[in-house]
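Heads up, the thing below is written out as structure tokens.
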Amino acid sequence: MNRRVRHRTGFAALGAPGIAFYLIAVLVPLALAVSYSFRDYNILTASGDWIGLDNYKELLHDGGFWVPFIFTLVLTLAVTVVANALGVALAAVLNRPQRVFHWLRTITFIPVILSGVVIAFLWSTILTDTGLLNTMLGSLGLDALQRSWLGTSLGAQVSVIVVSIWPAIGFCTVVYLAGFQAIPVELIEAAQIDGANGRQIFWKISWPLLQPALFVNVAVMMINGFKAFDTSLVLTGGGPAGATETAAMRILQVGITQNRAGYASALAVALLVAVGITALVTGRMARRVEI
Amino acid sequence: MTTTTANRKRGRRWPRVALAALVVAVYTFPIYLAVINVFKTADQISTEPASLPAPWTFGNVIDVFTNADSDLSATLLRTVFLTVATIGGVSVVGSSLGYYMARHENRASRALLVVLLLGLAIPFQVILIPVTQVLREMGIFGTYAGLLLFNIGYYVPFAALLFSRFARSIPRELDEAAMIDGAGPIRIYFRVVLPLMHPAGASLAIFLAVWVWNDFVNPLILLGPRTGTTIMTGLYRTLGQYQVEYGPIFAFMFIATLPLLILFLLLQDRFINGLTSGATKG
Numbered sequence: 045m046n047r048r049v050r051h052r053t054g055f056a057a058l059g060a061p062g063i064a065f066y067l068i069a070v071l072v073p074l075a076l077a078v079s080y081s082f083r084d085y086n087i088l089t090a091s092g093d094w095i096g097l098d099n100y101k102e103l104l105h106d107g108g109f110w111v112p113f114i115f116t117l118v119l120t121l122a123v124t125v126v127a128n129a130l131g132v133a134l135a136a137v138l139n140r141p142q143r144v145f146h147w148l149r150t151i152t153f154i155p156v157i158l159s160g161v162v163i164a165f166l167w168s169t170i171l172t173d174t175g176l177l178n179t180m181l182g183s184l185g186l187d188a189l190q191r192s193w194l195g196t197s198l199g200a201q202v203s204v205i206v207v208s209i210w211p212a213i214g215f216c217t218v219v220y221l222a223g224f225q226a227i228p229v230e231l232i233e234a235a236q237i238d239g240a241n242g243r244q245i246f247w248k249i250s251w252p253l254l255q256p257a258l259f260v261n262v263a264v265m266m267i268n269g270f271k272a273f274d275t276s277l278v279l280t281g282g283g284p285a286g287a288t289e290t291a292a293m294r295i296l297q298v299g300i301t302q303n304r305a306g307y308a309s310a311l312a313v314a315l316l317v318a319v320g321i322t323a324l325v326t327g328r329m330a331r332r333v334e335i
Numbered sequence: 350m351t352t353t354t355a356n357r358k359r360g361r362r363w364p365r366v367a368l369a370a371l372v373v374a375v376y377t378f379p380i381y382l383a384v385i386n387v388f389k390t391a392d393q394i395s396t397e398p399a400s401l402p403a404p405w406t407f408g409n410v411i412d413v414f415t416n417a418d419s420d421l422s423a424t425l426l427r428t429v430f431l432t433v434a435t436i437g438g439v440s441v442v443g444s445s446l447g448y449y450m451a452r453h454e455n456r457a458s459r460a461l462l463v464v465l466l467l468g469l470a471i472p473f474q475v476i477l478i479p480v481t482q483v484l485r486e487m488g489i490f491g492t493y494a495g496l497l498l499f500n501i502g503y504y505v506p507f508a509a510l511l512f513s514r515f516a517r518s519i520p521r522e523l524d525e526a527a528m529i530d531g532a533g534p535i536r537i538y539f540r541v542v543l544p545l546m547h548p549a550g551a552s553l554a555i556f557l558a559v560w561v562w563n564d565f566v567n568p569l570i571l572l573g574p575r576t577g578t579t580i581m582t583g584l585y586r587t588l589g590q591y592q593v594e595y596g597p598i599f600a601f602m603f604i605a606t607l608p609l610l611i612l613f614l615l616l617q618d619r620f621i622n623g624l625t626s627g628a629t630k631g
């Protein structure tokens, strides 16, 4: 009996430090964010009156909330769809056993380990008015196609999306490659003997067996999409006129620069609700395809 | 029939390699830019952004290291320290929590699992502002201790889930044998379980190295302007400082990325296995 109690406390001592860190770094701040969202909270004075649902009411009519949130949703969806499509295509091209394909795979993965700041700056040297893209178009005599890529709302939005897709393709490719390699060779060979062509083999055999890879990629792209921050900040600064601002940028802008922690927290809670809904929908879809 | 197929296949291999190489070359073109522009003069960067350096110069690299207000060497060291400390802290508390969860399959532990999963999906911007408040209350806002505390807590869920999945593959008989010999749970964990968990530890270390090294918002806000900064936050500030002078920025970027790149090239199979372990399980 005594030994059993000791055993149990010993076990609790193993779990406790991790839970304590998690509590301080995530759960308590999360609870505080919810509480700030019902208050007119000011971080500098660490105080604020309870104002009920006022922050949430303001949010409903605030273009400064909807524009970045909708852009974040579009960005997340676009990155998820395009990066998965191009990732699976690239993986199909690279799915060969020879050594040279191994090297190509290694190179393909490099964008994944680059920091968002590095990626955004790198692409800014391509996309600015005097950047590589316009220079190249000029030297090819295609001056008519030259644009101020980051200067118009639509151009900047597409640019941010393209730049966000770039490292995501490498990630999806590597995950799909692992998926391809888990497919038994016999299945493919049997289909070939039965006279199936490449397209049939892909859609009838490979793709259904790649569903776990698809699920991992969709989940990761969704989670990253809602965190989108670095690319817009460095590439466009959120501009022009806030067109490429993301939800995450907006939250920190309102909370820190404008010093309105209460309202920023209401935005944060709204973002969290969006994340939750997306997670539920994705989980439902995953269950339907029976992973 | 079979021989002709084989011949046709062999004949097809070279076009296939060429296609794959071309696609990968197009895809990784920005990386080529990132490397070659480090070694060009400022003039050449602006006039011929995509050409090879002529002449090759190390001027940009020397410049970012010797610039009067350059803090680059110290920043690199600081970031190495922070990354290693985070990996160490998260490994210890994450693996013990993971082991605890793996050996307690009851309702409380399932609830804990859900709460930890929530932590994986929370964008850090949702909690960052209250985190500054919590750290202020504790008197460690704007210090490395504060950033380290946040990092450990923020990455614990990922580590705990990774380790608990791994700990389930460690036979319970090992625990029980040690228990019969009179060892308590803490001792069993340190002497029996922890030494067996290093494959999971290696995956964790790789993920955290990339995340912590590349992180720039958390250091930007939690360390504040007065405390020495980390490498990516430093890069971000450099972007504003040099404005249009691309040479030093390319050099800074190259140096800031090189440690991770070397780590990746050395451990690439581990990187890729760790990353894709969830993708192949049905």
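In order, the protein sequence lines correspond to chains A and B.
Taken in order, the first sequence gives residues 45 to 335; the numbers are from the numbering used here.
Taken in order, the second sequence gives residues 350 to 631; the numbers are from the numbering used here.
Glycine included, each C-beta is placed from N, C-alpha and C at the ideal position.
Nothing here was measured: the structure is a model prediction, and the numbers come from that model.
Using the Cα positions of residue i and residue j, report the straight-line distance between them to the nearest angstrom.
| i | j | result |
| --- | --- | --- |
| K630 of chain B | Q302 of chain A | Per-residue confidence for K630 of chain B stands at a pLDDT of 47, beneath the threshold of 50, marking its modelled position as unreliable; the derived number appears in the next sentence. Their backbone Cα atoms lie some 47 Å apart in a straight line. |
| V202 of chain A | V161 of chain A | 18 Å |
| P520 of chain B | W251 of chain A | 35 Å |
| V218 of chain A | L184 of chain A | 34 Å |
| T290 of chain A | F539 of chain B | 44 Å |
| R143 of chain A | E486 of chain B | 56 Å |
| M45 of chain A | F55 of chain A | No answer about M45 of chain A holds up, because its pLDDT of 47 lies below 50 and its placement is not dependable. |
| L426 of chain B | I604 of chain B | 12 Å |
| V513 of chain B | S444 of chain B | Reading the sequence as shown, one finds Ser at residue 513 of chain B and not Val. Approximately 7 Å between the Cα atoms of the pair. |
| L382 of chain B | L166 of chain A | 8 Å |
| V125 of chain A | A532 of chain B | 52 Å |
| G182 of chain A | T174 of chain A | 10 Å |
| N178 of chain A | A399 of chain B | 12 Å |
| L324 of chain A | A527 of chain B | 42 Å |
| F109 of chain A | L571 of chain B | 25 Å |
| R331 of chain A | V442 of chain B | 32 Å |
| M350 of chain B | R365 of chain B | Confidence at M350 of chain B is low in this model, with a pLDDT of 42, below 50, so its placement is unreliable and no value can be given for it. |
| L616 of chain B | L104 of chain A | 49 Å |
| F113 of chain A | S422 of chain B | 39 Å |
| E206 of chain A | W560 of chain B | The question names Glu, yet the displayed sequence has Val at residue 206 of chain A. Each residue's alpha carbon lies about 22 Å from the other. |
| S395 of chain B | G62 of chain A | 51 Å |
| A64 of chain A | P506 of chain B | 12 Å |
| S552 of chain B | R517 of chain B | 17 Å |
| P256 of chain A | I213 of chain A | 17 Å |
| I335 of chain A | I249 of chain A | Caution is warranted here: a pLDDT of 45 is assigned to I335 of chain A, below 50, making its placement in the model unreliable, and no coordinate value can be reported. |
Going by the beta-carbon positions, is the gap between residue i and residue j smaller than 8 Å?
| i | j | result |
| --- | --- | --- |
| L609 of chain B | I157 of chain A | yes |
| L477 of chain B | G438 of chain B | no |
| L254 of chain A | G223 of chain A | yes |
| H548 of chain B | V319 of chain A | The sequence given here places Pro at residue 548 of chain B; His does not occur at that position. Against a cut-off of 8 Å, the Cβ pair of V319 of chain A and P548 of chain B comes out as no contact. |
| G286 of chain A | V111 of chain A | yes |
| A136 of chain A | M265 of chain A | no |
| I163 of chain A | P211 of chain A | yes |
| D495 of chain B | V70 of chain A | Here residue 495 of chain B turns out to be Gly, not Asp, going by the sequence shown. Not a contact, by the Cβ cut-off of 8 Å. |
| F565 of chain B | T587 of chain B | no |
| V475 of chain B | A90 of chain A | no |
| S197 of chain A | V278 of chain A | no |
| S276 of chain A | M581 of chain B | no |
What span of residues does the alpha helix (DSSP H) with residue i cover, start to end?
| i | result |
| --- | --- |
| W405 of chain B | Segment: none, W405 of chain B is in no alpha helix (DSSP H) and carries neither H nor E. |
| W110 of chain A | G107 to L138 |
| A292 of chain A | A291 to L296 |
| R304 of chain A | Premise fails: R304 of chain A is in no alpha helix (DSSP H) and is neither H nor E. |
Figure out for me which residue from the options has the closest Cα to the Cα of residue i.
| i | options | result |
| --- | --- | --- |
| V260 of chain A | A:G131, A:P73 and A:D93 | A:G131 |
| F499 of chain B | A:R52, A:P73 and A:L231 | A:P73 |
| T172 of chain A | A:I300, A:T120, A:G195 and A:L181 | A:G195 |
| M329 of chain A | A:L76, A:G269 and A:V262 | A:V262 |
| L58 of chain A | B:P398, B:I436, B:T424 and B:G447 | B:G447 |
| P404 of chain B | B:G573, B:V413 and B:I385 | B:I385 |
| K271 of chain A | A:P284, A:I295 and A:A257 | A:I295 |
| Y503 of chain B | B:E522, B:L523, B:G488 and B:L465 | B:L465 |
| D618 of chain B | A:N99, A:W147 and A:K101 | A:W147 |
| L401 of chain B | B:D412, B:F414, B:V387 and B:S422 | B:V387 |
| G269 of chain A | A:I209, A:R191, A:L186 and A:M180 | A:I209 |
| L258 of chain A | A:G327, A:Q297 and A:R191 | A:G327 |
| N567 of chain B | B:F556, B:P544 and B:Y493 | B:Y493 |
Any chance the CB of residue i is under 7 Å from a heavy atom of the ligand GDP?
| i | result |
| --- | --- |
| A287 of chain A | Looking at this structure, you won't find the ligand GDP or any other ligand, since it has none at all. |
Q: Could you tell me which uninterrupted beta strand (DSSP E) segments, each at least 3 residues in length, are contained entirely in the region 177–221 of chain A, listed from first to last along the chain?
A: none
>> What ranges does the alpha helix (DSSP H) occupy inside the region 477–551 of chain B, keeping only unbroken runs of at least 4 residues that lie completely in it?
In response: 493–516, 521–529 and 534–537
- Task: Within the region 414–462 of chain B, note down every full alpha helix (DSSP H) run reaching 4 residues or more, in order along the chain.
- Result: 421–452
Practice prompt. List in chain order: all unbroken alpha helix (DSSP H) runs of 4+ residues lying wholly within the region 215–276 of chain A.
Written response: 229–237, 242–245 and 255–270
Mind listing, in chain order, the continuous alpha helix (DSSP H) runs of no fewer than 4 residues lying wholly within the region 561–629 of chain B? 566–571, 580–591, 595–615 and 617–625
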